[in-house]
Amino acid sequence: MPRDLHQLLIVLALSHVAFCLCSARNNVMAAAEKQTVGVYELRKGDFSIEVTNWGATLMSVILPDSKGNLADVVLGYDTVAEYVNGTAYFGGLIGRVANRIAGARFTLDGETYRLYANDGNNSLHGGHRGFSKVIWTVKDHVAGGDNPYITLYYHSFDGEQGFPGALDVHVTYQLSSRYVLSVRMNATAHKATPVNLAHHAYWNLRGHGHGSILNETVQLFASRYTPADAATLVPTGAVAPVAGTPYDFRAPARVGARMAGLRGVAGYDTNYVVGDGSSFLRRVARVQDGATGRGLELWADQPGVQFYTANGLAGVKGKGGVVYGRYGALCLETQGFPDAVNHPNFPSQIVRPGQVYRHDMVFKFSF
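In this note's numbering, the protein residues as written are 3 to 369.
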């Protein structure tokens, strides 16, 4: 059963402000008012997660360490209201297009579309009110048993945040086997439109309130990356080898081992090339925490992964009153390449009517 229902009035009030300017948005608001915002648990033994349908957000992942001690290994907030007001994208389902779109504009089939610029002159994570800032519909929820899961649905209207065409989106979180979390996304379009969904969990395998991840060991199964402008973090369009650069994590290395060699940036916020566009699961990354013995292995079917070391966190109050600081977590956001709509050499993220966008992720935990 959902909890935090007392936050619903706050959610609806904030949503009303965002939707009061046009009739199409008011129609969406009317539908949203009929929904309930809550928190839903999935549990399999001593492995459990919590999800809220505000932003299809992953709020917690609790699992043991090598000594059997349980801890929550994702950063976040205690209440839904804090997710409504938060700006860090903790655990959110990002869309319609994750990451940055240069100049908040793109051209598709001869028509130029102007988006909401919420990152300087650029659009970031779908605009100021992307998919992590809307109410999703709970389609199905099985809390326990052999394969507990929850499926959430969102209808994105034509023109939302400037994107063309309506889009129907589903995401399923499932504890698919012992200490394995699957995240499955799909979307169908009513008109040609870019789609690049991403999952934005902030991981700290020592526990969400246990400081820096700079000593955690990371391995990225990528020999290339897409260099970006240091000021805007928008890709230049080039694809470069990681060999001989601070971006080389082909062999396991401490997160902070080569960070001093980065130029013009405070940490990693980089798209790595992990696939060629073919839609099959491949190993993307491994993370290991030496203090607890916890490990994470990520598999996914997207061509890229954004490796982010929480460079922008500074004094963010999280769960239990813990204050999160810079490098307090790392993100592994599998995705299409950032700004692909403006780089024809990048794998296309355009979905047309009759096509189905799919994005699968599998997190395998060990200890």
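Note that beta-carbon positions come from the ideal geometry of N, C-alpha and C, so glycine has one too. Predicted model, so just to flag it, every value in this text is computed and none were measured.
Beta-carbon proximity check, residue i vs residue j, cutoff 8 Å
i	j	result
R265	A287	no
H210	D74	yes
T311	G269	yes
G297	V289	yes
L199	A342	no
A331	L117	no
D170	A145	no
P229	A245	no
I152	Y181	no
A253	V220	no
Buried/exposed call for residue i, threshold 16 Cβ in 10 Å
i	result
V325	exposed
S368	exposed
E335	buried
V72	Checking the sequence shown, residue 72 turns out to be Leu, not Val. Its Cβ having fewer than 16 others within 10 Å, L72 is exposed.
P355	exposed
S125	buried
V358	exposed
K135	buried
A262	exposed
D148	exposed
For residue j and residue i, the rounded distance between their alpha carbons
i	j	result
P305	F282	10 Å
D80	K321	5 Å
F309	G161	30 Å
G122	S68	44 Å
I215	N273	19 Å
V318	F92	11 Å
A83	A194	34 Å
A90	L315	8 Å
P248	I51	34 Å
G70	G239	46 Å
A119	G164	10 Å
L44	P150	6 Å
T139	G292	39 Å
Assigned secondary structure, residue i (DSSP; H/G/I helix, E/B strand, else coil)
i	result
L14	For L14, the predicted structure reports a pLDDT of 39, less than 50, and the residue's modelled location is therefore unreliable. The matter cannot be settled from this model.
F49	strand
Q37	coil
S134	helix
K321	helix
V86	helix
G297	strand
A343	Here the sequence assigns Val to residue 343, which means Ala is not the residue at that position. Three-state DSSP puts V343 in a helix.
G161	coil
A58	coil
G263	helix
Per DSSP, the bridge partner or partners of residue i
i	result
G306	V275 and Q337
V220	A255 and V289
Q357	Per DSSP, none; premise fails for Q357.
F108	Y115
Neighbour flag for residue i against chain D, beta carbons, 8 Å
i	result
L264	Here there is only one protein chain, and chain D is not present.
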